[in-house]
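In full-length UniProt numbering, the protein residues as written are 1 to 186. Where a beta carbon is used, it is the ideal one built from N, C-alpha and C, also for glycine. Since we're looking at a predicted model, the values are computed, not measured.
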């Protein structure tokens, strides 16, 4: 597979079933599968959740990487990776419960909600394409980015300037909190 066959695009509502399929192909950790078992009902839930987000939340950016040299079951270029970036402002998120504490900094932040690459396409540049897009957007807006990373994913995030934020004694198995400051603040 030639690297130039990978193309970054915005995901559309027509892509939702492929995104769900890709999510299950990429996230095979037993803890993840315990929370989101691979059942028809949970797959429908993922379809509905992503469809609702894509259709109604302009601050959520669903990006995909396709392989133009490979086709899916519908004969379209195969979706090999996708990311969901959340740029919601405090107003868009709505009121917090409980209210934000006065000691907490009120700052704009971007969240990488999801990044998944099909196992056959890992370490071939698809994840980096998605990361570059989101980090460039964060840099343009001068905001930090946060992600709950898997151990495997943390290597990619470090390449893009993310730093682990775990506190001593607060380790959650399989989850690494990571943050990235915008280029203008480094």
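Hey, residue 115 and residue 67: beta-carbon distance below 7 angstroms or not? Within the chain shown, the letter at position 115 stands for residue 115. Within the chain shown, the letter at position 67 stands for residue 67. In this structure, residue 67 does not lie closer than 7 angstroms to residue 115 by Cβ.
Distance between residue 17 and residue 85 (C-alpha atoms, nearest Å): Here residue 85 is taken as the residue at index 85 of the chain shown, counted from 1. Here residue 17 is taken as the residue at index 17 of the chain shown, counted from 1. Their backbone Cα atoms lie some 18 angstroms apart in a straight line.
I need the boundaries of the alpha helix (DSSP H) containing residue 49, first residue and last residue. Here residue 49 corresponds to residue number 49 of the chain shown, with the count starting at 1. Note, residue 49: alpha helix (DSSP H), 40-56.
Between the Cα of residue 15 and the Cα atoms of 55, 146 and 147, which residue gives the shortest distance? Reading the chain shown from its first residue, position 15 is the one you call residue 15. The candidate whose alpha carbon is nearest that of residue 15 is 55.
Taking the beta carbon of residue 192 as the centre, do at least 16 other beta carbons fall within 10 Å, making it buried, or is it exposed? Since the displayed the chain opens at 1 and closes at 186, residue 192 lies outside it and no answer follows.
Residue 29 - DSSP class collapsed to helix/strand/coil: The residue given as residue 29 occupies position 29 in the chain shown. In the structure shown, residue 29 sits in coil (DSSP, three-state: anything other than H, G, I, E or B).
So, are the CB atoms of residue 145 and residue 180 less than 7 angstroms apart? Here residue 145 is taken as the residue at index 145 of the chain shown, counted from 1. Here residue 180 is taken as the residue at index 180 of the chain shown, counted from 1. Result yes, Cβ atoms of residue 145 and residue 180 sit closer than 7 angstroms.
Under a three-way DSSP split, which group does residue 124 fall into? Looking up residue 124 in the chain shown gives position 124. Residue 124 falls in the coil class under three-state DSSP.
Below 7 angstroms between beta carbons: does that hold for residue 83 and residue 110? Translated into positions along the chain shown, residue 83 becomes position 83. Translated into positions along the chain shown, residue 110 becomes position 110. No, these two residues do not count as a Cβ contact at 7 angstroms.
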